[in-house]
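First comes the structure, then the notes that go with it.
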Amino acid sequence: MLRRLRMEWLRELTMLSAHKKGHEKMRISEVRSCHVSRFDGVLLMGVVLCVGWSVLCGMGMKSQPMDREHLEQLAEPFPGIGLRDVPIQTREKGIRFEETDRYEDAIRQVMSVSVESLAAGATEFQMQRRGVWANSERAVQKFQVFSDLYFHPQAYQGKPLTLTGHLQRVVKLPPEEGSDLPVLYEAWLFPEDGQQNAVVVICRQIPPGVGLGDVTVDHVQVSGIFYRHYTYEGGDELRYAPMVLSPRIELYQNPDAVLTRDEQVKLLVAGISLLLMGGIVAYVVSSKKRPARGLFRKETLADRIDLSEIDRGPSTEET
2 MLRRLRMEWL RELTMLSAHK KGHEKMRISE VRSCHVSRFD GVLLMGVVLC VGWSVLCGMG
62 MKSQPMDREH LEQLAEPFPG IGLRDVPIQT REKGIRFEET DRYEDAIRQV MSVSVESLAA
122 GATEFQMQRR GVWANSERAV QKFQVFSDLY FHPQAYQGKP LTLTGHLQRV VKLPPEEGSD
182 LPVLYEAWLF PEDGQQNAVV VICRQIPPGV GLGDVTVDHV QVSGIFYRHY TYEGGDELRY
242 APMVLSPRIE LYQNPDAVLT RDEQVKLLVA GISLLLMGGI VAYVVSSKKR PARGLFRKET
302 LADRIDLSEI DRGPSTEET
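This note's numbering puts the first residue of the sequence shown at 2, with every later residue one more than the last.
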């Protein structure tokens, strides 16, 4: 009888010991999971900050205008070409036959010059024209390139200029038989300050994706040479449009969509603040996701038993 009681006592104490050891392992596992959870939170916060910073850098790069001004500063300003033998205006439509050689020679000269050099030359010439405009009777009005070209075409003939506006028509011009000129395009540009007046642009390249015929393409820019007035039929009368020779027509970034330096700084500060707040929230959420319950576990019966008594068994007095 006593032997059976002793065996049951030992078996019960062994089960309690195993139960307590299991709780100890669980406790250690929960403490480790707590540290892992905190590490995950720090890691998540770092990932959020890195991704957010990359996005902000991308936004900053996108908000920057094209590096056209820098290229113009490095380029040698193109002064222009001599066109004194070309009449400013004729009543013959298009290019006159006797003018063909002079016209093709002017195209070759312009096509051999970079757009940046033409733009730099246009900037210098525009500064000169602003000085003339300021001392003229039109000084009360704001200087505009197209208006100055309209009233003083002789001053612009053979000189570089830059115009911005939108396209409404593009026509492909195959080279004449025996000509060494490349395929050209005739584009009808309506300048921003043109008051619905068109400019005929003869160029070698048009913006990618622009088709032929009647099109509408906003925010285009052209830097080239004013050749002369182009004569065409408009209704029942002849009309005249400035003809500009240029290597290509470019798309330019809308100035209204470009962020100023102050706006970029404010955006950067706001973005960093949001990223920090997001990192803190991610850290807190990740820390609470797997709480360290083992640190605050309620004491059980197995914790109160002294396991050192397992090998002793019942004393003789108890029996």
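Heads up, the beta-carbon is just placed ideally off N, CA and C, and yes, glycines get one too.
Burial is judged here by how many other beta carbons sit within 10 angstroms of a residue's own beta carbon; Phe98 has fewer than 16 and is exposed.
Exposure of Lys173 is indicated by the presence of fewer than 16 other C-beta atoms within 10 angstroms of its C-beta.
Distances from the alpha-carbon of Arg85 to those of Arg103, Lys94 and Met244 put Arg103 closest.
Under DSSP, Glu105 takes part in no beta bridge, so it has no partner.
Per DSSP, the beta bridge partners of Gly235 are Glu238. Gly225 places its beta carbon less than 8 Å from that of Val111. Less than 8 Å separates the beta-carbon of Phe144 from that of Arg131. Within the same chain, Cβ atoms closer than 8 Å to the Cβ of Pro183 are found at Met112, Pro176 and Arg205, the five residues on either side in sequence being excluded. Using a Cβ-Cβ distance cut-off of 8 Å, the region 159 to 168 and the region 216 to 233 are in contact, since at least three pairs of beta carbons, one from each stretch, lie closer than that value. Looking only at Arg240, Val146, Ile203 and Tyr253, the smallest Cα-Cα distance to Glu105 is reached by Ile203. Taking the C-beta atoms as reference points, Val200 is found nearer than 8 Å to Leu190. With 16 or more other Cβ atoms from the protein chains shown falling within 10 Å of its own Cβ, Ile108 counts as buried. Secondary structure at Arg130: helix, using DSSP grouped into helix, strand and coil. In this structure, Ser118 places its C-beta atom within 8 Å of the C-beta atom of Pro78. Scanning its chain for C-beta atoms nearer than 8 Å, with the 5 sequence neighbours on each side dropped, one finds around Tyr231 the residues Gly95, Val201, Tyr241, Ala242, Pro243 and Met244, in chain order. For Pro209, the closest C-alpha among the options Glu187, Gln142, Ile250 and Leu150 is that of Ile250. According to the DSSP secondary-structure assignment, Pro161 is paired through a beta bridge with Ile226. Collapsing the DSSP output to three states places Leu275 in a helix. Arg229 is positioned such that its CB atom lies closer than 8 Å to that of Gln90.
Rounded to the nearest whole angstrom, the CA to CA distance from Val146 to Asp194 is 8 Å. Here Asp237 is exposed, its C-beta having fewer than 16 other C-beta atoms within 10 Å. In the three-state reduction of the DSSP assignment, Glu125 falls in the helix class.
Taken through DSSP and simplified to helix, strand or coil, Ile203 comes out as strand.
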